[in-house]
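So the structure is just underneath, and the comments pick up after that.
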Amino acid sequence: MRGEAAATAPVVSVAARRFPICGSGARIDCVVDGDTIWLGGTKIRLADINTPEVSSPQCAAERRLGERATLRLQALLNDGPFELRAAGRDEDRYGRKLRTLHRGGQSLGDVLVAEGLAHPWNGRRESWCG
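In my numbering, each residue's number is its place in the sequence shown (first place is 1) plus 58.
Structure, rendered in structure tokens:
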């Protein structure tokens with residue numbers, strides 16, 4: 059039932075705003091990494107992709123790609139308004155809201171995948187280390 063409620067949740071339009079990279083202090087609107095953001099004080103995981111880790115990478119290449127994915131997501135978010143859509147389950151096991159982000163009918167996650175900065179999320183993490 060929980061997943062059904064999330065699937066029928068309305069699309070939320072998010073007005074243009076500034077998304078810095080998250081640092082210390084309050085996290086209201088900021089980018090954690092290539093697939094996690096804070097929006098209005100709520101932690102959101104992009105449900106359709108998985109990006110390289112920056113906090114605990116398995117290799118140097120993963121860290122570099124993770125940093126690029128983080129900066130690219132920041133640029134995409136700072137480019138203007140976007141839509142937030144529910145995606146299956148409402149939350150992941152860490153309490154992050156699971157959502158997809160869209161602009162002009164395209165998933166911002168798909169943009170990152172097309173640029174080689176993300177893998178489509180298929181339920182398991184793929185290696186970035188060759």
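The C-beta atom is built at its ideal place from N, Cα and C for all residues, glycine as well.
query: Between which two residues does the alpha helix (DSSP H) carrying Ala127 extend?; result: 118 to 135
query: Output needed for Arg75: all residues of its chain with C-beta closer than 6 Å, excluding positions within five of it in sequence on either side, in chain order.; result: Asp87
query: Between which residues of its own chain and Leu175 is the CB-CB distance below 7 Å, once the five residues before and five after are set aside?; result: Gly92, Thr109, Leu123, Arg126, Ala127, Arg130
query: Give me whichever residues DSSP pairs with Arg161 in a beta bridge.; result: Gln164
query: Can you tell me which of Ala144, Gly181, Arg154, Pro139 puts its alpha carbon nearest to the alpha carbon of Arg161?; result: Pro139
query: Applying the 10 Å Cβ sphere with the 16-neighbour rule, what's the burial state of Gly188?; result: exposed
query: Is it buried or exposed, Ala73, if we count other Cβ atoms within 10 angstroms and call 16 or more buried?; result: exposed
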